[in-house]
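To start, the structure itself, in structure tokens.
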Amino acid sequence: MVLRLVSRYLQYLNYDVIECSNGTQALNCMKAFPDRIGLAILDLNLPDIPGIMLAHKIKEINPDLPILLSSGESIDIDETNRNRPEKLIHALLLKPFSLQHFSEVVNSVMGSRE
25 MVLRLVSRYL QYLNYDVIEC SNGTQALNCM KAFPDRIGLA ILDLNLPDIP
75 GIMLAHKIKE INPDLPILLS SGESIDIDET NRNRPEKLIH ALLLKPFSLQ
125 HFSEVVNSVM GSRE
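Positions 25 to 138 (our numbering) are the ones given, in order, by the sequence shown.
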């Protein structure tokens, strides 16, 4: 339900969205459309693979892709990013979040790429 709501909201904001319901689908999409994806939004607790592990696998495919991690629990993204040549996680979005806060975080991450 959250996936659908966030996807529709991003479409409302004029972003193209590729919706994946698990980590395996996300990796397959990354491999199939590496040039079409400008931001990965991951949940920390996916049904088939932990979000941090998926972030590592995505960075193997596209090291420059920004990743926004959504979680109901706080994590230290500075610690997660430590000792890496590039950031693994660009922003953490704590649940529950408002759509306004979500769009601010997405715009901030996307704006930092320009």
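For glycine and all other residues, C-beta sits at the position ideal for the given N, C-alpha and C.
- Straight-line spacing of the CA atoms in LEU27 and PRO120 works out to 13 Å.
- Put simply, the backbone Cα of LEU29 is about 26 Å away from that of LYS81.
- Taking 9 Å as the cut-off, the beta carbon of MET54 is found no closer than this to the beta carbon of ILE65.
- In terms of Cβ geometry, LEU117 and SER98 do not form a close pair [threshold 9 Å].
- A straight line joining the alpha-carbon of LEU34 with that of ASN107 spans about 32 Å.
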